[in-house]
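Only one structure is covered here, and it is reproduced in the block below.
Numbering (our numbering), first residue to last: 628 to 876.
Quick look at the structure:
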């Protein structure tokens, strides 16, 4: 618990057997975490069997691979069903350190923000942590274009380290979003559409050989999806087009 709020960490997992236990142990080393939810997206390794040995963990396995976005939809649904007040996504590949969980939770638990991102760009940690140069350049270009179209001033839109309040997750309709990687981007733009401020904390990262990553072709598809999402946001704000993704509830 943090300040009377139940803290749940969600882990969208796919072939994470090599790093799941290490990530879980460090997550639970942060004394405020009440529960971990692991959702496996039909991994081909031992992710599910390892997850089921973890105490204080709820494990859900998709019978078929449904995509990163679909995995998150299940994660957030289960977090809300299990009474989470502060929900924090930590990838089980140990790319993001769980040691920032208390800081991120405090910003939500003290009613300062409803969304907090762990940014690899603030502090220059991306390249220091091993992010490939082409990914760094693409990140900076996409972020600049998205800030221009949305009017926000985020250092990056592409981090997978995120914390949310229950109120925010109940406000936005995640079912409208893609089941693929662009889900992350669509979710942030939905949050901006509803007028929430997004906070960021500097996050060191590690691009270890066993960390998950999407290939170049899927990265290109993701990049165009991000630009299309931001453009739809701007056109909807201008009243030029209706967009169900951002419809107010």
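Each residue gets a CB set at the ideal place from its N, CA and C atoms; glycine is no exception.
- Taking a cut-off of 8 Å on C-beta distances, the stretch 632-643 touches the stretch 666-676, as three or more cross pairs fall below it.
- Residue 733 and residue 629 do touch by the CB rule: their CB atoms are close to 7 Å apart, below 8 Å.
- At a Cβ-Cβ threshold of 8 Å, residue 728 and residue 660 count as neighbours.
- Closest option to residue 740, judged by alpha-carbon separation, among 756, 712, 771: 712.
- Contact annotation, residue 743 with residue 826: C-beta distance approximately 5 Å; criterion of less than 8 Å satisfied.
- Here residue 682 is exposed: its Cβ has fewer than 16 other Cβ atoms, across all protein chains shown, within 10 Å.
- Take the alpha-carbon of residue 693 and the one of residue 799: they are about 21 Å apart.
- Residue 830 is positioned such that its CB atom lies no closer than 8 Å to that of residue 674.
- If you check the CB distance, residue 818 and residue 795 come in under 8 Å.
- In this structure residue 748 is buried. Its beta-carbon is surrounded by 16 or more other beta-carbon atoms within 10 angstroms.
- Residue 873 is not a Cβ neighbour of residue 857, given a cutoff of 8 Å.
- Under a 10 Å Cβ-count criterion, residue 737 is classified as exposed, with fewer than 16 other Cβ atoms of the shown protein chains found around its own Cβ.
- The Cβ atoms of residue 832 and residue 752 lie closer than 8 Å to each other.
- The stretch 711-746 is shown to contain whole beta strand (DSSP E) runs of 3 or more residues at 713-716, 742-746, in chain order.
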